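Colleague: Quick note: the sequence shown uses full-length UniProt numbering, first residue 1, plus one each step.
Take a look at the following structure, please.
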Amino acid sequence: MQVSQWQGNLPSESTRLIGRREEVDGVRALLGRSRLVTVTGVAGVGKTRIALRAAAGLRERFADGVWLVALSPLVEGSALPYAIAEALPLSDQSSRPVTEVLADYLAERELLLVLDTCEHLHEACAATVRTLLAAAPRLRVLATSRRPLGCPEERVRAVEPLPVPEGDDWREGDAVELLLDRAAATVPGFAIDERNRDALLRVCRRLEGLPLAIELAAARLRELSPERLAERLEDRFTVLGTTDHKVYDADPPWHQALRTAIGWSHQLCTPAERLLWARASVFAGGIDPVAVKQVCADDRLPSWQIPQLLESLADKSILIWEPTGAGDRYRMLDTIREFGAIWLKDLGQDERVRRRHRDYYLELAREGDACWIGPDQYAWYDRMTVELPNLRAALRFALVRPEGHTALELAGALWFFWYPCGFLQEGRHFLERALAQDRAPGPARRKAQWACALVLVCQGEGALAEKLAGECAAEAEAQGDVEARLMAWCASSCAGIIMGDNARAGEMARKVIEQEERSLFCFPVLLAYTSYGMSRTMAGSFEDGIAALERLRALCDQHGERWQRAYGDVLRAQAELACGRPERARAYAMAALEVKWRLHDSLGMAMAIDVLAPAAVAAGEGERAARMLGLADQIWDTVGKHQIGTPELVAARRACESEVRGVLGDRAYDSAFSAGRDTDLDAGVAYALGTSPAR
Numbered sequence: 001m002q003v004s005q006w007q008g009n010l011p012s013e014s015t016r017l018i019g020r021r022e023e024v025d026g027v028r029a030l031l032g033r034s035r036l037v038t039v040t041g042v043a044g045v046g047k048t049r050i051a052l053r054a055a056a057g058l059r060e061r062f063a064d065g066v067w068l069v070a071l072s073p074l075v076e077g078s079a080l081p082y083a084i085a086e087a088l089p090l091s092d093q094s095s096r097p098v099t100e101v102l103a104d105y106l107a108e109r110e111l112l113l114v115l116d117t118c119e120h121l122h123e124a125c126a127a128t129v130r131t132l133l134a135a136a137p138r139l140r141v142l143a144t145s146r147r148p149l150g151c152p153e154e155r156v157r158a159v160e161p162l163p164v165p166e167g168d169d170w171r172e173g174d175a176v177e178l179l180l181d182r183a184a185a186t187v188p189g190f191a192i193d194e195r196n197r198d199a200l201l202r203v204c205r206r207l208e209g210l211p212l213a214i215e216l217a218a219a220r221l222r223e224l225s226p227e228r229l230a231e232r233l234e235d236r237f238t239v240l241g242t243t244d245h246k247v248y249d250a251d252p253p254w255h256q257a258l259r260t261a262i263g264w265s266h267q268l269c270t271p272a273e274r275l276l277w278a279r280a281s282v283f284a285g286g287i288d289p290v291a292v293k294q295v296c297a298d299d300r301l302p303s304w305q306i307p308q309l310l311e312s313l314a315d316k317s318i319l320i321w322e323p324t325g326a327g328d329r330y331r332m333l334d335t336i337r338e339f340g341a342i343w344l345k346d347l348g349q350d351e352r353v354r355r356r357h358r359d360y361y362l363e364l365a366r367e368g369d370a371c372w373i374g375p376d377q378y379a380w381y382d383r384m385t386v387e388l389p390n391l392r393a394a395l396r397f398a399l400v401r402p403e404g405h406t407a408l409e410l411a412g413a414l415w416f417f418w419y420p421c422g423f424l425q426e427g428r429h430f431l432e433r434a435l436a437q438d439r440a441p442g443p444a445r446r447k448a449q450w451a452c453a454l455v456l457v458c459q460g461e462g463a464l465a466e467k468l469a470g471e472c473a474a475e476a477e478a479q480g481d482v483e484a485r486l487m488a489w490c491a492s493s494c495a496g497i498i499m500g501d502n503a504r505a506g507e508m509a510r511k512v513i514e515q516e517e518r519s520l521f522c523f524p525v526l527l528a529y530t531s532y533g534m535s536r537t538m539a540g541s542f543e544d545g546i547a548a549l550e551r552l553r554a555l556c557d558q559h560g561e562r563w564q565r566a567y568g569d570v571l572r573a574q575a576e577l578a579c580g581r582p583e584r585a586r587a588y589a590m591a592a593l594e595v596k597w598r599l600h601d602s603l604g605m606a607m608a609i610d611v612l613a614p615a616a617v618a619a620g621e622g623e624r625a626a627r628m629l630g631l632a633d634q635i636w637d638t639v640g641k642h643q644i645g646t647p648e649l650v651a652a653r654r655a656c657e658s659e660v661r662g663v664l665g666d667r668a669y670d671s672a673f674s675a676g677r678d679t680d681l682d683a684g685v686a687y688a689l690g691t692s693p694a695r
């Protein structure tokens with residue numbers, strides 16, 4: 001594989017890494033000799049930072065990149081394969097088991113996978129790593145965990161705390177250097193001198209060189225002198241040394257220095273700060289201040305205080321401030337979150353706050369559902385992608401603590417995320433779990449049924465989709481649920497197309513279109529025009545199909561809608577191609593591809609590129625056509641059944657392949673096809689759109 005630029009998702013490391021060169025070099029050396037290396041050590045010792053720095057220095061060794069998978073937001077081992085698939089440049093939406101998809105994807109790639117924070121998913125991590133290493137001979141895995149994974153090929157690098165000076169020379173210990181570095185960031189101009197040297201040495205010795213403990217202590221130098229800091233730590237250490245608390249009985253136990261630093265930081269927080277720390281621990285991944293107000297505020301913690309409390313916790317290094325283009329966000333280190341979560345449970349508020357967290361994200365999903373057919377689709381895609389860890393956490397809580405029909409409601413309301421935004425596999429996982437758990441008839445179940453049916457259609461599972469849509473339609477008819485009935489008909493129409501029954505597909509779509517004038521539901525009508533246009537085009541009635549697609553485009557434009565219009569543009573491109581108008585076909589396909597790429601809709605991208613290939617042939621660009629076929633092949637592999645198993649699309653694809661091979665000859669065709677097949681996806685799509693040259 002020719003890589004034009006480095007691939008990976010490692011965060012930039014702006015924080016200086018002090019006194020860890022030997023550990024970093026040791027990890028890199030082990031990765032040169034072993035396919036699995038685990039960095040172990042107590043909480044707060046710096047495992048993640050060492051692993052990231054080691055991985056960053058190995059970028060050039062791995063042709064297919066270095067990829068980080070953050071596991072701390074995950075609760076269940078079953079979610080691990082999805083998290084790995086999401087971290088990789090893999091948009092697989094097929095119905096195959098995710099672990100199988102990962103194994104196939106990694107089989108021929110030279111890649112380093114960094115699995116960060118494995119201890120709470122120990123068994124799942126070990127099993128998944130064994131499977132992937134067996135399938136992918138050039139894969140390397142770098143894990144961080146409080147204990148080894150226990151796999152046969154594993155090499156372990158144990159990380160110890162930073163050395164602390166034994167005598168009076170502070171230069172002999174990296175722990176003091178770390179304290180000074182972080183103190184200078186907190187108090188500009190801070191330096192060690194004869195007056196504060198002994199106190200700073202006492203701090204580092206008491207905290208036993210543990211990096212996270214030292215960083216928390218350094219944050220206190222804003223309001224305490226070094227002498228007072230040392231005294232307070234001495235007092236706190238004495239108390240904690242005799243405290244038996246379940247936090248400290250973790251497996252493996254927390255380092256006593258970390259108990260000291262976190263417990264003391266907690267003690268020095270105001271009651272409101274402590275309460276917010278505990279309640280904010282329910283968030284997975286990033287923390288949105290708006291969400292914090294809704295989830296954490298009450299009479300004891302008024303919402304107007306939240307912004308200042310968040311800033312204060314960031315000043316104390318309890319939270320990490322992360323400004324983004326969409327506004328401020330915060331995150332909490334795993335160890336800090338763990339302390340807060342246990343404190344929240346001790347307060348007896350764990351269930352209540354997690355329920356509020358679930359309810360907030362249910363409302364967010366409902367809002368996205370209501371707003372999706374409109375001009376803000378890109379913004380909703382960006383927002384929900386950022387919130388994916390919290391959405392997962394809310395869904396898992398709803399499944400573990402079933403109340404009412406919240407799991408069905410949340411999974412169903414997120415149809416606009418699962419279906420249009422490239423999360424079909426995960427959407428199917430949550431929808432099927434919710435449907436299996438909650439079988440009570442009602443609006444929530446019907447919505448989850450048609451949402452799941454649409455996901456199944458996109459995965460090429462026509463028969464399963466038809467069955468689920470039929471059940472939904474029957475119940476909707478009995479209950480007078482117009483929206484669910486229309487959506488079920490749309491799903492049946494789409495299933496008919498991929499099963500080759502265009503007559504039935506057209507009939508079902510027409511039933512929905514007939515409701516247009518009196519229907520209040522825009523999406524079913526848009527989808528029906530899409531399905532009807534496709535069914536007519538597949539049946540050879542091109543002008544009929546084009547007329548339906550023109551109506552679809554007009555309706556989308558009325559609402560400022562892009563995603564469904566882009567599907568209409570793909571189908572219009574197919575019709576124009578069949579009518580002998582390749583230039584018009586190319587224009588429609590390019591317009592669709594731009595939208596589908598922005599929304600990471602793999603199905604739409606693959607369909608658009610399948611049109612660009614024959615359009616290139618018609619323009620006399622045989623090599624470009626072969627590259628397009630290779631690129632589309634790469635994307636179809638992630639979707640599942642090529643061309644969703646639709647007979648007419650499969651036949652058109654084979655005819656194009658045969659024509660291009662005939663134009664170029666076998667050797668030139670295979671070379672160009674492989675170039676498209678093996679290219680980085682973003683680079684390939686940019687080439688297809690004409691925004692980057694061939695490489």
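Every residue, glycine too, gets a C-beta built ideally from N, C-alpha and C.
If you're wondering where the values come from, they're calculated on a predicted model, not measured in any experiment.
In chain order, what residues of the same chain lie with their CB nearer than 8 Å to the CB of residue 444, ignoring the 5 residues before and after it?
Modeller: 405, 408, 409, 412 and 438
Colleague: Go ahead and label residue 337 buried or exposed: buried means 16 or more other beta carbons lie within 10 angstroms of its beta carbon, across all protein chains shown.
Modeller: buried
Colleague: Got a sec: does the ligand GTP put a non-hydrogen atom nearer than 8 Å to the Cβ of residue 607?
Modeller: Questions concerning the ligand GTP fall outside what the structure shown contains, since it holds no ligand whatsoever.
Colleague: Do residue 529 and residue 551 have their C-beta atoms within less than 9 Å of each other?
Modeller: yes
Colleague: Mind checking whether residue 159 and residue 46 have CB atoms under 9 Å apart?
Modeller: yes
Colleague: For residue 323, which three-state DSSP category applies?
Modeller: Note: residue 323 maps to strand in three-state DSSP.
Colleague: Cβ atoms of residue 606 and residue 632: under 9 Å apart, would you say?
Modeller: yes
Colleague: Would you mind giving the Cβ-Cβ distance between residue 316 and residue 306, rounded to the nearest angstrom? I have them listed as a contact below 8 Å.
Modeller: Separation of the CB atoms of residue 316 and residue 306 is rounded to 16 Å, and the pair is thereby denied contact status at 8 Å.
Colleague: Suppose the cutoff is 6 Å on Cβ atoms and the five residues either side in sequence are ignored; what does the same chain contact list for residue 635 look like?
Modeller: Excluding sequence neighbours, residue 635 sits near 602, 605 and 606.
Colleague: Can you give the Cα-Cα distance for residue 572 and residue 507, rounded to whole angstroms?
Modeller: So the two alpha carbons sit approximately 20 Å from each other.
Colleague: Assuming residue 63 and residue 24 make a contact with CB atoms under 8 Å, what is their CB distance in whole Å?
Modeller: About 22 Å; that fails the 8 Å criterion.
Colleague: Check the DSSP bridge columns for residue 433 and list the partner residues they point to.
Modeller: None; residue 433 has no bridge partner.
Colleague: Excluding the 5 residues flanking residue 313 on each side, which residues of the same chain have their C-beta closer than 7 Å to its C-beta?
Modeller: 273, 276, 277 and 319
Colleague: Taking the alpha helix (DSSP H) that residue 531 belongs to, which residues open and close that run?
Modeller: 522 to 538
Colleague: Considering Cα atoms alone, identify which of 526, 525, 474 and 539 is closest to residue 496.
Modeller: 539
Colleague: So, at 8 Å on beta carbons, what are the nonlocal neighbours of residue 182 in its own chain, with the 5 sequence-adjacent residues on each side left out?
Modeller: 214, 215, 218 and 219
Colleague: Applying the criterion that 16 or more other CB atoms from any shown protein chain within 10 Å of the CB defines a buried residue, is residue 152 buried or exposed?
Modeller: exposed
Colleague: Let me check one thing: in DSSP terms, what residues is residue 330 bridge-paired to?
Modeller: 287 and 321
Colleague: How is residue 240 classed by DSSP in three states: helix, strand or coil?
Modeller: With a pLDDT of only 42 at residue 240, under the threshold of 50, the placement of this residue in the model should not be trusted, and no figure is reported.
Colleague: Whole alpha helix (DSSP H) runs in the stretch 455 to 506 with 4 or more residues, listed along the chain?
Modeller: Within the stretch 455 to 506, the complete alpha helix (DSSP H) runs of at least 4 residues are 462 to 479 and 482 to 498.
Colleague: What does the alpha-carbon distance come out to for the pair residue 688 and residue 461?
Modeller: 29 Å
Colleague: Is residue 332 close to chain B? Criterion is C-beta to C-beta, closer than 9 Å.
Modeller: The displayed structure is made up of one protein chain only, and chain B is not part of it.
Colleague: Taking Cβ positions, are residue 212 and residue 52 nearer each other than 9 Å?
Modeller: Contact check for residue 212 against residue 52 fails: the beta carbons are separated by 9 Å or more.
Colleague: Ends of the beta strand (DSSP E) at residue 158?
Modeller: 154 to 158 is the span of the beta strand (DSSP E), which, as asked, contains residue 158.
Colleague: Leaving out five residues before and five after residue 253 in sequence, what residues of the same chain have Cβ atoms less than 7 Å from its Cβ?
Modeller: Confidence at residue 253 is low in this model, with a pLDDT of 46, below 50, so its placement is unreliable and the value that follows should be read with caution. Closer than 7 Å at Cβ, skipping near neighbours: no residue.
Colleague: Which of the three DSSP states is assigned to residue 347 in this structure?
Modeller: coil
Colleague: Considering only the alpha carbon of each residue, which of 185, 174 and 500 lies closest to residue 649?
Modeller: 500
Colleague: Considering only their Cβ atoms, is the gap separating residue 142 from residue 175 smaller than 9 Å?
Modeller: no
Colleague: Following the continuous alpha helix (DSSP H) through residue 575, name the residue where it begins and the one where it ends.
Modeller: 563 to 578 is the extent of the alpha helix (DSSP H) around residue 575.
Colleague: Can you list, in chain order, the residues of its chain whose CB lies under 7 Å from that of residue 372, leaving out five sequence neighbours each side?
Modeller: 380 and 416
Colleague: Could you give the residue range of the alpha helix (DSSP H) that holds residue 650?
Modeller: 647 to 664
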